[in-house]
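First comes the structure, then the notes that go with it.
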Amino acid sequence: MRSDNRSRGLFSGTGLIVAGLTATLIALIFPIWSYADRSGTGVDTLNASTVTTQYGALSGLDREFITKVRLAGLWELPAGQQAEVKGTTEAVRTAGEHLIEGHTFLDARVRNVAARLNLPLPNQPSDQQKAWLQTLNTAQGEEYDRQFANILRLAHGKVFSVVAQVRATTRNSLVRDLADDANTTVLDHIKVLEATGLVDYDAIARDAASASAPPITNSPAPPGPSDDPGSPMPVTPSPSFSLPPAARGPEEN
Numbered sequence: 000m001r002s003d004n005r006s007r008g009l010f011s012g013t014g015l016i017v018a019g020l021t022a023t024l025i026a027l028i029f030p031i032w033s034y035a036d037r038s039g040t041g042v043d044t045l046n047a048s049t050v051t052t053q054y055g056a057l058s059g060l061d062r063e064f065i066t067k068v069r070l071a072g073l074w075e076l077p078a079g080q081q082a083e084v085k086g087t088t089e090a091v092r093t094a095g096e097h098l099i100e101g102h103t104f105l106d107a108r109v110r111n112v113a114a115r116l117n118l119p120l121p122n123q124p125s126d127q128q129k130a131w132l133q134t135l136n137t138a139q140g141e142e143y144d145r146q147f148a149n150i151l152r153l154a155h156g157k158v159f160s161v162v163a164q165v166r167a168t169t170r171n172s173l174v175r176d177l178a179d180d181a182n183t184t185v186l187d188h189i190k191v192l193e194a195t196g197l198v199d200y201d202a203i204a205r206d207a208a209s210a211s212a213p214p215i216t217n218s219p220a221p222p223g224p225s226d227d228p229g230s231p232m233p234v235t236p237s238p239s240f241s242l243p244p245a246a247r248g249p250e251e252n
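End of the sequence shown sits at 252 in numbering that gives the first Met the number 0; the numbers just go up one at a time, nothing left out.
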């Protein structure tokens with residue numbers, strides 16, 4: 000009887016060990032199988048959002064970047080015009096000049112790229128960019144200088160990382176060249192804004208620490224016919240620097 004009990008105990012223990020090993024093996028295999036077969040992975044998203052062009056593959060991130068370059072000019076150019084008038088120091092007015100020159104150049108570049116890729120472009124700033132402009136519109140004197148330097152420096156710091164990501168990963172030659180130009184321009188603007196002596200680096204560090212980079216979403220549709228977005232929003236105080244509307248379709252040689 001004791002021998003039978005020992006045998007049953009031995010078999011019972013062996014069964015538990017085998018069951019445990021089987022469960023462990025399944026746990027190791029299942030994530031590999033499920034990840035390989037499921038949709039929604041980073042590679043799946045990249046493939047789904049990428050279209051083919053004669054200049055190389057164009058990803059959703061590439062299209063998002065092109066849109067952001069245009070949007071940057073739509074609010075930073077009028078901000079630069081305003082700084083030339085409202086800035087109380089030479090450094091702030093100089094920063095305004097750099098914004099005007101940089102975004103006049105970049106906007107011409109991005110409109111050319113978008114036309115060659117047959118991509119639509121916005122002609123008004125985003126709601127957040129409009130809010131930034133409104134803050135600058137109401138500020139006066141030294142408070143204006145401080146708001147100008149910090150709002151623009153914070154915005155440029157955020158876009159700087161996006162430019163680097165696009166430059167490192169894009170497979171499209173037009174986007175690669177545009178990223179080179181954007182990188183040079185954004186870095187120049189960061190330097191002249193910091194040269195005002197008004198940038199609050201602690202606030203920038205806190206903002207970076209508290210906010211994770213949002214995923215790229217709502218990128219423009221793949222190349223194709225689109226409605227004319229209309230004229231750009233009027234800018235002040237120097238209408239001669241208003242950006243032309245976005246071109247549509249490939250430019251003729």
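Every residue gets a Cβ at the ideal spot worked out from N, C-alpha and C, and that includes glycine.
>> The alpha helix (DSSP H) that contains residue 156, what's its start and end?
In response: One-based indexing of the sequence shown puts residue 156 at position 157. 140 to 168 is the extent of the alpha helix (DSSP H) around residue 156.
> What does residue 57 pair with, by DSSP beta-bridge criteria?
Replying inline: Here residue 57 corresponds to residue number 58 of the sequence shown, with the count starting at 1. Answer is 50, bridged to residue 57.
>> According to DSSP, is residue 198 part of a helix, a strand, or is it coil?
In response: In the sequence shown, residue 198 corresponds to position 199, counting from 1. Coil.
>> Considering only the alpha carbon of each residue, which of 150, 122, 158 lies closest to residue 135?
In response: Reading the sequence shown from its first residue, position 136 is the one you call residue 135. When only C-alpha atoms are compared, the closest one is 150.
> DSSP state of residue 121, grouped into three classes?
Replying inline: Here residue 121 is taken as the residue at index 122 of the sequence shown, counted from 1. In the structure shown, the three-state DSSP call for residue 121 is coil.
> Can you tell which of 59, 158, 74, 155 has the C-alpha that lies nearest to the C-alpha of residue 133?
Replying inline: Position 134 of the sequence shown, counted from the first residue, corresponds to residue 133. Of the candidates 59, 158, 74, 155, 74 places its Cα closest to the Cα of residue 133.
> Excluding five sequence neighbours on each side, which residues of the same chain lie with their C-beta closer than 8 Å to the C-beta of residue 210?
Replying inline: Here residue 210 refers to the residue found at position 211 of the sequence shown. Leaving aside the five residues that flank residue 210 on each side, none in its chain has a CB nearer than 8 Å to its CB.
> Are residue 188 and residue 79 touching if we call contact CB-CB under 7 Å?
Replying inline: In the sequence shown, counting from the first residue as 1, residue 188 sits at position 189. In the sequence shown, counting from the first residue as 1, residue 79 sits at position 80. No, the Cβ-Cβ distance between residue 188 and residue 79 is not below 7 Å.
> Would you report the Cα separation of residue 165 and residue 61, rounded to the nearest angstrom?
Replying inline: Position 166 of the sequence shown, counting from 1, holds the residue named residue 165. Position 62 of the sequence shown, counting from 1, holds the residue named residue 61. So the two alpha carbons sit approximately 7 Å from each other.
>> Can you tell me whether residue 140 is buried or exposed? The criterion is at least 16 other CB atoms within 10 Å of its CB, across all chains shown.
In response: Here the question's residue 140 lines up with position 141 in the sequence shown. By the neighbour-count criterion, in which a residue is buried when 16 or more other Cβ atoms sit within 10 angstroms of its Cβ, residue 140 is exposed.
> How big is the Cα-Cα spacing for residue 207 and residue 159?
Replying inline: Locating residue 207 in the sequence shown gives position 208, where the first residue counts as 1. Locating residue 159 in the sequence shown gives position 160, where the first residue counts as 1. Annotation: residue 207 to residue 159 spans about 13 Å, alpha carbon to alpha carbon.
>> Tell me the rounded alpha-carbon separation between residue 86 and residue 193.
In response: Within the sequence shown, residue 86 is the residue found at index 87, counting from 1. Within the sequence shown, residue 193 is the residue found at index 194, counting from 1. Distance from the CA of residue 86 to the CA of residue 193, rounded to the nearest whole angstrom, comes to 15 Å.
>> Do residue 112 and residue 173 have their beta-carbon atoms positioned less than 7 Å apart in this structure?
In response: As a working mapping, residue 173 is identified with position 174 in the sequence shown. As a working mapping, residue 112 is identified with position 113 in the sequence shown. Closer than 7 Å, so yes.
>> Less than 7 Å between the C-beta atoms of residue 97 and residue 191, yes or no?
In response: As a position in the sequence shown, residue 97 is number 98, starting the count at 1. As a position in the sequence shown, residue 191 is number 192, starting the count at 1. Yes; because the gap between Cβ atoms is below 7 Å, this pair is in contact.
> Which residue's Cα is closest to the Cα of residue 183: 199, 152, 170, 163?
Replying inline: Counted from its first residue, the sequence shown places residue 183 at position 184. It is 163 whose Cα lies nearest to the Cα of residue 183.
> If you follow the alpha helix (DSSP H) that residue 101 is part of, which residue opens it and which one closes it?
Replying inline: Working through the sequence shown from its first residue, we reach residue 101 at position 102. From DSSP, the alpha helix (DSSP H) with residue 101 extends over 89 to 116.
>> Short of 6 Å in beta carbon distance, which residues of its chain neighbour residue 175, apart from the five on each side in sequence? Order them along the chain.
In response: Sequence index remark: in the sequence shown, residue 175 carries index 176 (1-based). Cβ contact annotation for residue 175 (same chain, cutoff 6 Å, sequence separation greater than five): 169, in chain order.
>> Once DSSP output is grouped into helix, strand and coil, what is the label at residue 210?
In response: Position 211 of the sequence shown, counted from the start, is the residue given in the question as residue 210. The three-state secondary structure of residue 210, taken from DSSP, is coil.
> Counting along the chain, where does the alpha helix (DSSP H) carrying residue 171 start and finish?
Replying inline: As a first step, residue 171 must be located in the sequence shown, where it is residue number 172. Per DSSP, residue 171 lies in no alpha helix (DSSP H) and is assigned neither H nor E.
>> Report the CB separation of residue 154 from residue 146 in whole angstroms; it is logged as a contact under 8 Å.
In response: Locating residue 154 in the sequence shown gives position 155, where the first residue counts as 1. Locating residue 146 in the sequence shown gives position 147, where the first residue counts as 1. Contact between residue 154 and residue 146 does not hold, since the beta-carbon distance rounds to 12 Å and is not under 8 Å.
> In chain order, what residues of the same chain lie with their CB nearer than 7 Å to the CB of residue 72, ignoring the 5 residues before and after it?
Replying inline: Position 73 of the sequence shown, counting from 1, holds the residue named residue 72. For residue 72, where only same-chain residues beyond five positions count, the Cβ hits under 7 Å are 102, 105, 106, 242.
>> Output needed for residue 65: all residues of its chain with C-beta closer than 8 Å, excluding positions within five of it in sequence on either side, in chain order.
In response: Position 66 of the sequence shown, counting from 1, holds the residue named residue 65. Take residue 65, set aside five residues on each side of it, and the residues of its chain with a beta-carbon closer than 8 Å to its own are 109, 112, 113, 116, 118, 120, 174, 177, 219, in chain order.
> What whole-angstrom Cβ distance do residue 130 and residue 195 have, given they're in contact under 8 Å?
Replying inline: Translated into the one-based positions of the sequence shown, residue 130 becomes position 131. Translated into the one-based positions of the sequence shown, residue 195 becomes position 196. That pair is no contact at about 22 Å.
>> Can you find the residues in the same chain that come closer than 7 Å, C-beta to C-beta, to residue 199, ignoring five residues on each side of it along the sequence?
In response: Within the sequence shown, residue 199 is the residue found at index 200, counting from 1. Cβ neighbours of residue 199 beyond the five flanking positions: 149.
>> Closest to residue 202 by C-alpha separation, out of 125, 50, 127, 156, would be which residue?
In response: On the sequence shown, residue 202 is found 203 positions in, with the first residue counted as 1. For the residues 125, 50, 127, 156, the minimum Cα distance to residue 202 belongs to 156.
>> What does the Cβ neighbour count give for residue 179, buried or exposed, with the cut at 16 atoms within 10 Å?
In response: As a working mapping, residue 179 is identified with position 180 in the sequence shown. Counting other Cβ atoms within 10 Å of its Cβ, residue 179 stays below 16 and is therefore classed as exposed.
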